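Residue numbers (the numbering used here), protein chains in the order written: chain C, 1 to 325; chain U, 326 to 569. Virtual Cβ for every residue (Gly too), placed ideally from N, Cα, C. Since the model is a prediction, treat every value here as computed from it, not as a measurement.
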Amino acid sequence: MMPQGTKVVGKWTNTVLYVEQHLGSGANGQVYLVRSPAGRAAMKVCPSSSDIAMEWGLLEKLSARSSVFPKPMFIDDCAPDLYFYVMEWIAGEPFHRAAKNLSPTQFHDVVGALLAGFAELHATGHGFCDIKPENILVSATTPPSIRFVDVGGVTQFGRSVRQYTPFYDRGFWGLGSRKADASYDLCGVALAVLFTSVQPPDVLLGKSPEQRKEWLWKALRKFPSASYVPLIQRVLRGEVLDALQFQREWARAGSATARSRKNVRAASAAHPPSRSTSAATGKHRAAPSRRLHRQVDWTEWLMWTSLGMAVMVTMTAWASFLGLL
Amino acid sequence: MGDVKGTIRQILVVTDGCSNVGDDPVVAASNARKQGMVVNVIGIVDKGEVGQHGKMEALSIADAGGGMCRLVQPVELSATVQMMTHQTMQLTLQQVVNQELLEVMGKSTEDLPPMERSKVMQVVDKLEEEVRLEVVVAVDTSASMRDKIPTVREAIRDLSLSLQARQGDSRVAVITFPGSGDSMVETVQPFQSEVDMAKLDDILVARGGTPTGPAIDHARGLFQQLRDVDDFPTSRWTGETQSQ
C-alpha cells in the first residue's frame, strides 16, 4: 500500500503523480486517488505488468464507443516494479451501500439507469461480467448517474468469462453457461438487485447448483417489492435477452408499484407483468379481492359524505322545526 | 507448449497433507515439467493446518512443476481452481510470446513501451481463449479428505463449466489417489470435454496413504496416451497442405 504523499514518476511519459488516498482494492491490484498535472485522477496499480496492459487495452477500446467506464488517461510504469495506468476519477457510492439509503422511487430510477448503462456497454459487443455491487458506482442525482469501475472482467461477447464473483455468476446458480453474452450480465444485475434485500450465505459455496437454486427462489419470494419479482425471475431464467427490454419491463413493473403504493400502503398487490410465473401466483391470487376494496374506496367516501349531509340536513330541519315550536 | 499444435497441459493436485507412499512427488513434478506440463498444487486447510511439512512439500511440488501453490479454506477452493488455471495458462502463453519476441525483436514484453505491451497482451488474451487446454485434476482421497470431497466435487464441476465456455478445445480428466482397492491411483474419468458428474459421485475416500508422486506420474501417462492418438486430426484430408 502506498502512503499519502508518495511521488510517482512515470518512466515513459515522465508524468509526476502524487498519491492522495487509497480508494480500494480490485481483483488484481489497488486503486489510488492521485494528483496529476491534468487534475485529480484515479491510478490503478498492479504487481503484474500484463494485467495492467490488458486492462488498459480494454479501457481504450471501450472509451471509443461508450462512457460507462472511466476515461483512460495514460499508461506507464515506474522502476523497479510498479505498473500502473491513470484514468478518470469517479466519485460515487457503491451500489449496495447506496441502495440502503434510497427511497423506493429512487431505487427504481437507479436500477433503470443501471440498465441503460448495460445497454450502452452491450452495444460495444462486450459484457461487464464481473458484476458485483462494489464495481457499480451510484450518484443519486436526478436523474441518477451510474458508472462502472474495474474493467478487468469485461469480456467480448462469445468468449468465456474468466473474472467473476461467484454469487453474481450465472453458472454458480446453475442458471446457464459462463459464456459472455447480454443475458449473463442481466442475470448478474437481477442477482445484485435481489441481494439488496438478502445476502447469500457462504455455506452455499459447498452446495450443489440445485440446492443453490432452491435457496435463490426462496429468497426471491421474500423480495420486498413484489411487483418486480416476476420480472427478476424471468431474467434469472434467461428469458429476457437484452438490457433495453429489461429496462422497459422494469419501468412497467415500477409504475405498477407506484400505482399500488398510492392506493394502499402495500406493494404486494401490484399489477402483474404479462407473463407471471408459478412462484409468484400465490401473491397475485390475493390481489383481486384487495383491489376490489380499493375501487370501493371513493364510492364509500361519497356514500358516507352524503349520509352525513343527510343527517345534518335532517337535524337542522328538526332543530328549526322544534325551535319554531 | 513445445509441440506444433499448441496445447496447454496442466496437472492440478488437490490435497490436504503430505505424500507418504511411492516416488518423490517433487521428482515426478519436475519430470512432468520437462515434458511441457505445468503442475499446480492446492492444499486444503480445514480448521487445523496442513502442517509445516505439508506446506513445504506443496510449495516444492509446484516449484518443480513450474506452477503455482495455494493453501485455501474449503470455501475458497472453487475460486482458487479457476484463478490458478487462468493464471498459469496466461503465464505459459506469455512465456511463449516472450520467447518469440526475443527471437524476432531482441526484446521481451517488459522492455516494450506500455502501449505496445497492451497490444501484445491482447494477443495473449485471445490465445488463452482459443488454445487447446488439457487438465488432469488429481484428487487426494486419503481418509482425512472425507469431509472435503463434496466441496472438491463442486469445484471440479465449476471448473468444467468454465472450460465448456471457452472457444478453444478443452479436455478434463479426473484421477484419485489412492484408488479404490489396492491401486495407488485410479482414473475416475479419462480425458473428456465435460465432467461426468455421475462418475464424480463415485469418488470415495479410500484407506491407505497419500501417493502424490505416483498420481503425478499417472497424470503424465494420461497426457501421453492422449497425445499419441490426438496428434492425428479427425477432420477429413482435403488434399491441402496445412499452413500451421
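| query | result |
| --- | --- |
| If you compare alpha carbons, which of C/T142, C/P37, C/I75 and C/C187 is closest to U/P438? | C/I75 |
| Under 8 Å, with one C-beta from each stretch per pair, do the region 94 to 102 of chain C and the region 33 to 50 of chain C reach the 3-pair mark? | no |
| What in chain C is Cβ-close to U/A404, meaning under 8 Å? | P166 |
| In whole angstroms, what is the alpha-carbon distance linking U/S433 and U/V530? | 47 Å |
| Three or more C-beta pairs closer than 8 Å, one from the region 507 to 517 of chain U and one from the region 443 to 457 of chain U: is that the case here? | no |
| Can you give me the Cβ contacts of U/D291 inside the same chain, cut-off strictly under 8 Å, excluding the 5 residues immediately before and after it? | Residue 291 of chain U is absent from the model: chain U starts at 326 and stops at 569. |
| Give the DSSP-derived three-state secondary structure of C/T13 in the structure shown. | coil |
| Which one or two residues does DSSP pair with C/K44 in a beta bridge? | C/V31 and C/Y85 |
| Cutting at 6 Å between CB atoms, please list the residues of its own chain near U/R552, excluding the five before and the five after it. | none |
| Just how far apart, CA to CA, sit U/G392 and U/V370? | 19 Å |
| Spatial neighbours of U/A383 within its chain, please: C-beta separation below 6 Å, excluding the five flanking residues on both sides. | V366, G368 and C394 |
| Work out the CA separation of U/I541 and U/P350 for me, nearest whole Å. | 7 Å |
| With distances taken from CA atoms, which of C/G238, C/C46 and C/S63 is nearest C/D81? | C/C46 |
| Can you name the residues of chain C whose CB is closer than 7 Å to the CB of U/R442? | S49 and A53 |
| Is it buried or exposed, C/W89, if we count other Cβ atoms within 10 angstroms and call 16 or more buried? | buried |
| Apart from the five residues on each side of it in sequence, which residues of its chain come closer than 7 Å, Cβ to Cβ, to C/F107? | A99 |
| Tell me the rounded alpha-carbon separation between C/H395 and C/A243. | Residue 395 of chain C falls outside the range modelled here, since chain C spans only 1 to 325, and no answer is possible. |
| Between which residues of its own chain and C/V198 is the CB-CB distance below 6 Å, once the five residues before and five after are set aside? | A219 |
| Is there a C-beta anywhere in chain C that falls below 7 Å from the one on U/P536? | no |
| Please list, in chain order, the residues of the region 178 to 200 of chain C that have any C-beta partner in chain U closer than 7 Å. | R178 and K179 |
| Report the three-state DSSP secondary structure of C/C129 (helix, strand or coil). | coil |
| Is C/L205 close to chain U? Criterion is C-beta to C-beta, closer than 7 Å. | yes |
| Report yes or no: do the region 344 to 364 of chain U and the region 520 to 540 of chain U share at least 3 C-beta pairs separated by less than 8 Å? | yes |
| Where does U/C394 sit, in a helix, a strand or coil, going by DSSP? | strand |
| Give the range of the beta strand (DSSP E) segment to which C/V138 is assigned. | I136 to S139 |
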